[in-house]
Every structure is written in C-alpha cells, then in structure tokens.
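Notes to accompany the following structure.
Residue numbers (the numbering used here), protein chains in the order written: chain Z, 69 to 446; chain R, 69 to 446.
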C-alpha cells in the first residue's frame, strides 16, 4: 500500500496531525519480526495475571455479552467511591486512563491553549494534547524525578489549563511524597487543573499518596485496573475529582463505551484485596530480581515505586537504544524513555519468573552486541 | 447532591453543552424504578445471545485479560477485510459504532461547520455533532423512510461535511434499495462525506446493501457486532472506507482502547456464520410474532429490515408516550422515536419468546391504561 494522504475534507487541525502513534504494540512488533516474544516486559502489564475471582466472574458473565454495559457504570463507581471515601459523583469510569485523558484534554483545552508536562513523560498525554490542538510546554526532569515546582511555575507563566504529573512516575519509577504534591497544588494557579496520574499508586509507599478530598477543585486523579489488578486487556480506568468537573465528562463521553464484562471484571477484582496484595508482593520480588540481574552486569537499577524498573545502561541514549534493539532481537519485549537524559535507561516490567529468566539470558548478549556495535562505530 | 455546575476552566464549547445524555440505559431505569425489568426489548440488543463459540472463546481467553489488546486489531481487521473483499487499510475497528461516529465527527467537522441528518434519526450521532460544535441540519423523514435525495440536497445547500444515513433505518426499521443509496452518492457534493450506518445490515434483504468498493471516497460504512452477533456488551464496531480516510482515525483514536477479549469475541463470532444465520431466522420469527401481537390489539407493526419493529399505536405521540410509560410501569423495557410523526410508534426489539410473552401480556393493559388517561384528560 502507498503511504496515506490526508483526505481533503479533514479539519485543518486533523490534517495537521502526523500519521504516527504514541506506542507500537508488541503484537505489531511480532508481525514485523515474524517471531513471537519470549518475554513480554515492555508495557508494564501484570504478567502475574488477574485474580482467580476475576477469571471466574468473566467466565460466568460470558453469556451476558449480548447486553450493553450499564452506561453509568453505577455499581463499579459505587464500589470505587466507597473504597476511596468520596461520593459517587466524584468518580468517572472510562476506557482506560488513556480514554479519560483524551476526554479531559477535550473538555479543558481549546486550540492554542497551554498545557504543561515533563519532557519524557507519558507520550499518550502529549498525543491527546496535540490531537486537540493544545500548545504543549515541557519541563525537564530534575535528575530522575518529575519537578512539581517547575511544572507549576511553567503553568503560571504559560497560563496553562492542564498540568500533567505522574506520581509514581513513568518511565523512571521515581516518586514524590504526598506533601510535595500537596504543596504543588497549593501553588497551582487558578486557571490550571492538575491531572495526577496515579496508574502505579497500588505499588507506591503509602506516603506517596495524598488522601482523597472530593471537594478539591484543583486536581483530578487517574487510576487504572491495568497494572496491579492485571486487567490491561479489559480497559478500565477511572478518575476522581470534584463533582462539577466529573459531570463534564458525561457531556462528551461515549456513554455506552464500557464493556459489560470489563465492569464485571473490575468489580470482581475489587472484591479480592488479598490477590492485589499478593500481586504487589510478587512485583516487589520481581523488582529485586531485576536489580540483581542488572547489577550482575554492572548496570544500575533505579529505585522504583511502580511495577517496572528503569535500568541505567550507563553510556547514554544511543547505547541504551542499541541494548533495547538487541534485547528485542533476542525476543525480549521492553521499552525505554524517549528523551535525554532519561534515555540512558531501558524500562523493564516486573514480570513473572520465566520472563525475567529470558531477560537475564538475553541481557549479557545484548550488552555485548551493543558494545561491539559502539566499538565498530568508534 | 446539588445539580452540577460548569467548571470555570471548561472550554467555551464544553461549557455550552447540556448536562444530558443521548439514552438512559435500562440499568439506570431499574435503579430509578427499584424493580427489574421482565423484558429487555428497548435497546435492540440480541436476546438470543452470542454464538456458543464466542462464549467458549471468551472463557478460554479470560486468563489473558492482563494483556493489552492488539492496538491495531490486526487479526480482526484482516478477517473483516477478507469478509468484505476490501484491503485491511480500509477497515477501522473501534469501541462500537458510537465511538467511531465520535472520531469521524472530530476528524471532519470543525466548530460551526454543517452536518446533515434526519429529524428523529440516531440521537448519538447528533450528540457527537453537538459535542464538537457542528451545526446540525435536519431533514424530515418521508413517511417512515429517510429521504436520501433531501439529505443530499441539504448537504449541497449547507456546505455540509457529513451526511448521516442509516440503512436499514433506526428507529423505523425501513430500508432503501442499494441503487437508491448509490444514486444519492452520485449526487453527493464533493465537500461532503456520507456516513452510511449499516448497524442492521445483517437483517436486511441483500438488495439493500451496496457492494463494497474500497476506492470510494464518498462514503464510510459503519457496522457492528452489537446486533446480529449478539455482542453489544463487548463494544466492537467497525467502519469501511477509503484508506486515506481510515488512516485519519489512527491520528486521533484511543490506540489501546479495544478490549482484548472483545477482539477475541468478534473473531470467534465471525467464525460461526451458521449461528449468525440462525439468529437472523430467530429475529425474523420474533418480528412476525410482534406483528401478530400488535395486530391482535388493533395496532399496525411497520415492515422492518432490522431486529426491531416500530409499532404504530395509532393515535399520535402523546398516546404512544403514554403506552410506553405504561409498558415500562409493567416491567417491559422498550423505547420510541423522539420526533413527530415518527413518535406515534413504539419500538420493540425482536427478542426471545419469554420477553415477547411479557410484552404480549403487558400491551393490552398498557393500551387500556393509556386510553383511560387520554379519556380523563379529554
């Protein structure tokens, strides 16, 4: 097929957008490579799987797939509201955090308006800002940490509508304490909303997570069933914010967009906190093992409050990209940050034993091949 | 809770949108009523259920719910492309037709630009047009039929970007022959795209459905697994159009928005054409039975090329609304057209025997109660 051309009827904004995607999925890579992966450690999925209660609930609900899901996701929102101690009007459920980020940008960012994020932070957020014509301003990481004070200062300077902050952070795995987040919110100008992406909150120390206060108009907090709950394939994200802000989502969202079985799966997962705790413990053990594997080859695994580890390959972005390429060539799916100096790292999900063993086997070969390539170019 | 107020940071467009939804789901009604429905015949779901192969495939795939779905829905798009004889680049899969309609409006309709639909046609399309600030122009039905020539003429007059036409039609169940659609496309001005909603194509006579021609830039055709495939709860819609137009969806869509289990379910359903044929036969029998029930009470069931029947209650919109209200009060979930003169009808899905029996029991009581109410007001 020839390269696509813009249909002449596209809006000027749509025509201006690139033919590019924020992430290439592993299935696409498998088709390109013509070979399956031996380890699936690139998308921070939970290879330990969902709760057995979820599997049972999904199997029981399969014959009900003919019915649209509840357009209000009422039972699920009620369970989430109870869990977080907020009213149900503060909770919106959507097709993953990705879907909710898209709605949020659409609601708050008119074309040309400013948005602030960190250089190297979540590409899909930047994708949505571009998609709605927002003007994205980026702030560098401070070391391996997002810089809340600089984000807020830039929001002030640019008159931003939205400030994106992930805590714990992706792709570095670092985190800030709740009081640091609270201070950033106190300093946030009134024209801006902070979107606090807490996709990895289940793995974080308690002191990283501020208490929920549904009356807070300054922040919307995003959570997901894709990580600790092991339900990435069911697309269930949620956000908690002031009821007035949450009500705006209902003005634009795909009202019957949630799969009925996804609602069932999320509810079943909430009913099994023991499985969640066991998953977090497995992830902790896997992160320790990833640190050991990295250290055995002279690499430094960064501290992580998530379900992945950023491993500093020790020789800059080009070298890390070569390591990643060689890992993929050895059937290990991993990803890496896209921006210097974060891109000296590869990002490896804390997966099950077999996947980590495949990574452990491939890593020394990948490092050697990357070093050979670097020597050959020198 | 108090009524929601607009967050002051909303864009002017978002602030201008009403706090209203296109459809109130049956689950919401059940919560309001405090009582379950005895018959679920309001959303044109397929009460005959999905294929046993789908149920089996869903049960087998449940443990895989931890993996994101393929962001390209490659296997499913490939199967659909083969089924319709078009290249895979002509096929986009999305979170139901509703989700795809939203993307389409976003891609083609800048604020203030004209869009044409029929007065009383699919409310969710109108919802998306409003949501992106489009200027919706409506054309009346001609009798119980959408009026392709008038739609095209209005597109010409208004400089419309999009013209919506459902064939077979919802909510009336009527249909046009393929040659009538082809003639409308021939007359369509170059600035407009026709969105041909074929959600009910599986129930339609062959002569209603034009052949697919992937090179046609004038039309995008929408299909769904929610109706004949019995998978409304899995949210799988697709569209077929020119590859350049389809490529534009990838610029804005939620790339990992499709549930992995939904992709699995749709593929399994495509592998069972016998089940699909059996479902269509059951729907045909149910429509005959609905006609019999209507006729037994002096009402006229309109001919239908869909999986529902519009039943003319014979005395205008207020009376039909009263009948609907009395049916709902008797635990029968049905819906009806929102615009005169279509609103002289109620719309009843062609469901399984038990649901039709509940409808048959409730209808004479509902008619009597509606007549009493009308007499009391007279």
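Just so it is clear, CB atoms sit at the ideal spot from N, CA and C, and this is done for glycine as well.
Within a Cβ cutoff of 8 Å, which residues of the same chain sit near residue i, ignoring the five residues on either side of it in sequence?
{"i": "residue 366(R)", "result": "382"}
{"i": "residue 290(R)", "result": "165, 168, 169, 263, 264, 265, 266, 267, 305, 306 and 307"}
{"i": "residue 433(R)", "result": "394 and 398"}
Which residues bound the alpha helix (DSSP H) around residue i?
{"i": "residue 317(Z)", "result": "311-320"}
{"i": "residue 129(Z)", "result": "120-129"}
{"i": "residue 165(R)", "result": "164-176"}
{"i": "residue 365(R)", "result": "No alpha helix (DSSP H) contains residue 365(R), which DSSP labels as neither H nor E."}
{"i": "residue 443(R)", "result": "421-445"}
{"i": "residue 98(R)", "result": "94-101"}
{"i": "residue 305(Z)", "result": "Premise fails: residue 305(Z) lies in the beta strand (DSSP E), 305-308, not in any alpha helix (DSSP H)."}
{"i": "residue 152(R)", "result": "142-152"}
{"i": "residue 249(Z)", "result": "246-255"}
{"i": "residue 226(R)", "result": "216-226"}
{"i": "residue 291(Z)", "result": "Counting along the chain, residue 291(Z) falls outside any alpha helix (DSSP H), though it belongs to the beta strand (DSSP E) covering 287-292."}
{"i": "residue 388(Z)", "result": "384-397"}
{"i": "residue 230(Z)", "result": "First-last for residue 230(Z): 230-234, but that is the beta strand (DSSP E), not the alpha helix (DSSP H)."}
{"i": "residue 197(Z)", "result": "191-199"}
Could you check how far apart the C-beta atoms of residue i and residue j are, in whole angstroms? I think they sit under 8 Å.
{"i": "residue 330(Z)", "j": "residue 304(Z)", "result": "5 Å"}
{"i": "residue 285(Z)", "j": "residue 310(Z)", "result": "5 Å"}
{"i": "residue 119(Z)", "j": "residue 294(Z)", "result": "14 Å between Cβ atoms; not a contact."}
{"i": "residue 275(Z)", "j": "residue 250(Z)", "result": "Incorrect: roughly 12 Å between the Cβ atoms, too far for contact."}
{"i": "residue 199(R)", "j": "residue 320(Z)", "result": "5 Å"}
{"i": "residue 438(R)", "j": "residue 413(R)", "result": "With 8 Å as the limit, residue 438(R) and residue 413(R) do not qualify as a contact, their Cβ atoms being about 14 Å apart."}
{"i": "residue 212(Z)", "j": "residue 370(Z)", "result": "6 Å"}
{"i": "residue 125(R)", "j": "residue 332(R)", "result": "5 Å"}
Based on Cα-Cα distance, which residue from the options lies nearest to residue i?
{"i": "residue 429(R)", "options": "80(R), 394(R) and 407(R)", "result": "394(R)"}
{"i": "residue 235(Z)", "options": "254(Z), 221(Z), 443(Z) and 214(Z)", "result": "214(Z)"}
{"i": "residue 202(Z)", "options": "283(Z), 154(Z) and 172(Z)", "result": "172(Z)"}
{"i": "residue 272(R)", "options": "95(R), 345(R) and 384(R)", "result": "345(R)"}
{"i": "residue 109(Z)", "options": "123(Z), 93(Z) and 102(Z)", "result": "93(Z)"}
{"i": "residue 73(Z)", "options": "369(R), 313(R) and 412(R)", "result": "313(R)"}
{"i": "residue 90(R)", "options": "424(R), 435(R), 416(R) and 405(R)", "result": "405(R)"}
{"i": "residue 122(R)", "options": "134(Z), 212(Z) and 138(Z)", "result": "134(Z)"}
{"i": "residue 228(R)", "options": "241(R), 204(R), 211(R) and 216(R)", "result": "204(R)"}
{"i": "residue 283(Z)", "options": "341(Z), 177(Z), 299(Z) and 156(Z)", "result": "156(Z)"}
{"i": "residue 100(Z)", "options": "396(Z), 425(Z) and 415(Z)", "result": "396(Z)"}
{"i": "residue 75(R)", "options": "288(Z), 343(Z), 400(Z) and 80(Z)", "result": "288(Z)"}
{"i": "residue 427(R)", "options": "390(R), 191(R), 218(R) and 402(R)", "result": "402(R)"}
{"i": "residue 96(Z)", "options": "143(R), 111(R) and 252(R)", "result": "143(R)"}
{"i": "residue 441(R)", "options": "390(R), 416(R), 410(R) and 420(R)", "result": "390(R)"}
{"i": "residue 530(R)", "options": "421(R), 335(R) and 392(R)", "result": "Given a span of 69 to 446 for chain R in the structure shown, any question on residue 530(R) remains unanswerable."}
Could you pull the start and end residues of the beta strand (DSSP E) that residue i belongs to?
{"i": "residue 340(Z)", "result": "No beta strand (DSSP E) holds residue 340(Z); DSSP gives it neither H nor E."}
{"i": "residue 205(Z)", "result": "203-207"}
{"i": "residue 376(Z)", "result": "376-380"}
{"i": "residue 184(Z)", "result": "182-186"}
{"i": "residue 417(R)", "result": "413-417"}
{"i": "residue 85(Z)", "result": "Counting along the chain, residue 85(Z) falls outside any beta strand (DSSP E), and DSSP gives it neither H nor E."}
Keeping to the same chain, check which residues put their C-beta closer than 7 Å to that of residue i; ignore five residues upstream and five downstream.
{"i": "residue 418(R)", "result": "351, 354, 355, 358, 375, 376 and 377"}
{"i": "residue 223(Z)", "result": "184, 231, 256, 257 and 260"}
{"i": "residue 148(R)", "result": "159 and 306"}
{"i": "residue 181(R)", "result": "202, 203 and 229"}
{"i": "residue 177(Z)", "result": "183, 197, 200, 202, 229 and 230"}
{"i": "residue 279(R)", "result": "none"}
{"i": "residue 132(Z)", "result": "328"}
Give me, in chain order, the residues of the same chain whose beta-carbon lies closer than 6 Å to that of residue i; leave out the 5 immediate sequence neighbours on both sides.
{"i": "residue 407(R)", "result": "187 and 188"}
{"i": "residue 163(R)", "result": "303 and 325"}
{"i": "residue 179(R)", "result": "201"}
{"i": "residue 107(R)", "result": "400, 423, 426 and 427"}
{"i": "residue 323(Z)", "result": "139"}
{"i": "residue 208(Z)", "result": "187"}
Quiz item: At a Cβ cut of 8 Å, what residues of the segment 119-140 of chain R count as close to chain Z, listed as they run along the chain?
Solution: 122, 123, 126, 127, 130, 131, 132, 133, 134, 135, 136, 137, 138, 139 and 140
Self-check item: Contact list for the segment 80-91 of chain R against chain Z, Cβ threshold 9 Å
Solution: 80, 81, 82, 83, 85, 86, 87, 88, 89, 90 and 91
Practice problem: Return the residues of the segment 285-309 of chain R that lie within a Cβ-Cβ distance of less than 8 Å from chain Z, sorted by chain order. | Solution: 285, 294, 298, 299, 300, 301, 302 and 303
Practice problem: Can you give me, in chain order, the residues of the segment 312-332 of chain Z that have a beta carbon less than 7 Å from any beta carbon in chain R? | Solution: 312, 313, 315, 316, 318, 319, 320, 322, 323, 324, 325, 327, 328, 329 and 330
Quiz item: If contact means a Cβ-Cβ distance below 8 Å, which residues of the segment 158-176 of chain Z contact chain R?
Solution: 163, 164, 166, 167, 170, 174, 175 and 176
Quiz prompt | Under 7 Å (Cβ pairs) to chain R, residues found in the segment 261-277 of chain Z | solution = 261
Quiz item: What residues from the segment 406-426 of chain Z come within 8 Å of chain R, judged by C-beta to C-beta, listed N to C?
Solution: Listed by position along the chain: nothing, the set is empty.
Quiz item: In chain order, what residues of the segment 106-117 of chain R put their CB closer than 8 Å to some CB of chain Z?
Solution: 108, 111, 113, 114, 115, 116 and 117
Quiz prompt | Residues within the segment 188-209 of chain R neighbouring chain Z, beta-carbon criterion of under 7 Å | solution = 199
Self-check item: Residues from the segment 234-264 of chain R in contact with chain Z, defined by Cβ distance under 9 Å
Solution: Listed by position, the residues of the segment 234-264 of chain R near chain Z (Cβ gap below 9 Å) are 258, 259, 260 and 261.
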